[in-house]
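S.K.:
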Amino acid sequence: MTDYCLALWAMNLGFSPAHSQAFADHVEARLVEAKAAGAKLLVLPEYAIEACLAFKPDGLKPTEEMAFLAEVGVQVIELLRPLPQAHGISLLAGSMPVAGEGGLTNTAILLTSDGRENRQDKLSLTPGEMDPETWQLQGGRELMTFELDGLKMSVLICLDVEMPALSCLLAKENLDLLLVPSMTEMLSGYHRVFDCAKARAVELMTSVAVCGTVGRTPGTTQMETNVS
0 MTDYCLALWA MNLGFSPAHS QAFADHVEAR LVEAKAAGAK LLVLPEYAIE ACLAFKPDGL
60 KPTEEMAFLA EVGVQVIELL RPLPQAHGIS LLAGSMPVAG EGGLTNTAIL LTSDGRENRQ
120 DKLSLTPGEM DPETWQLQGG RELMTFELDG LKMSVLICLD VEMPALSCLL AKENLDLLLV
180 PSMTEMLSGY HRVFDCAKAR AVELMTSVAV CGTVGRTPGT TQMETNVS
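Sequence positions in the sequence shown follow numbering that gives the first Met the number 0 and run 0 to 227.
(1) Where DSSP assigns a beta bridge to Arg-118, which residues make up the other side?
(2) What's the C-alpha gap between Pro-81 and Ser-153?
(3) Given this structure, state the Cα-to-Cα distance separating Ala-208 from Leu-176, to the nearest angstrom.
(4) Helix, strand or coil for Val-179, going by three-state DSSP, please let me know.
(5) Does the segment 140-156 come into contact with the segment 52-72, if we say contact requires no fewer than three beta-carbon pairs (one atom in each stretch) closer than 8 Å?
(6) Can you tell me where the alpha helix (DSSP H) with Ser-15 in it begins and where it stops?
(7) Tell me whether Ser-19 is buried or exposed, calling it buried when 16 or more other Cβ atoms sit within 10 Å of its Cβ.
(8) With distances taken between CB atoms, is the gap from Cys-195 to Glu-161 smaller than 8 Å?
(9) Taking the DSSP output, what are the residues bridged to Ala-53?
(10) List the DSSP bridge partners of Leu-91.
(11) Can you check whether the CB of Gly-13 is closer than 8 Å to the CB of Pro-217?
(12) Can you tell me where the beta strand (DSSP E) holding Ser-206 begins and where it ends?
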């Protein structure tokens, strides 16, 4: 793999944006900073969008949080969409709930500096993500690869990187870089994800970039804190 500079943003979810535009502005400021440092790609963590629970409606139930964030996510992506081309740096906008025919998925969204968009659903959901009394998400079904800046890449979201079977699927792809947006509530989860990412690097003989959240979102009912 040739020299490639990327920026990993362990976002503190406690910055409390007042609306979607404030979240997008926060990301744009870091995009500009990363570009100035020579990065070609800025990576946000899994569920970075959860910071937007800071402006959730009063009385929103835990079972309604993901649908709310899916709506906010549509707004945020539209605000972020022109920025990679404008600043000349690609953006993996973390992951967020996305509404589809089968329900809500946890989906990583990559906006490239040349105007493309790539999406990867999380394939292996945690019990909390599937819990009908909280987030009620649906797992994805397809593992994608994509080309960026002359490199072949793929995305495994958090728990997905802990699954050796997915590593087997990627082994034939000859990846240059594996991106892993993550969210872990406890130190044990952090070590599980990061240590498994090291195993994937050895198995696939490639570079693996892991990025997690820190802090706590005001208004969350699920994640008391985050460790990365």
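No residue lacks a Cβ here, since even glycine has one placed at the ideal position from N, Cα and C.
M.R.: Answer, in terms of the structure:
(1) Bridge partners of Arg-118: Ile-108.
(2) Going from the Cα of Pro-81 to the Cα of Ser-153 covers about 22 Å.
(3) A direct Cα-Cα distance of roughly 7 Å separates Ala-208 from Leu-176.
(4) It is a strand residue.
(5) Counting C-beta pairs closer than 8 Å gives fewer than three between the segment 140-156 and the segment 52-72, which falls short of the contact rule.
(6) For Ser-15, no alpha helix (DSSP H) run applies, since DSSP gives it neither H nor E.
(7) Counting Cβ neighbours within 10 Å, Ser-19 comes out buried, since at least 16 surround it.
(8) Going by C-beta atoms, Cys-195 is nearer than 8 Å to Glu-161.
(9) BP columns for Ala-53 are empty, so no partner.
(10) Beta-bridge pairing by DSSP links Leu-91 to Val-42, Leu-109.
(11) Between Pro-217 and Gly-13, the CB-CB gap stays under 8 Å.
(12) Counting along the chain, the unbroken beta strand (DSSP E) around Ser-206 starts and ends at 206-211.
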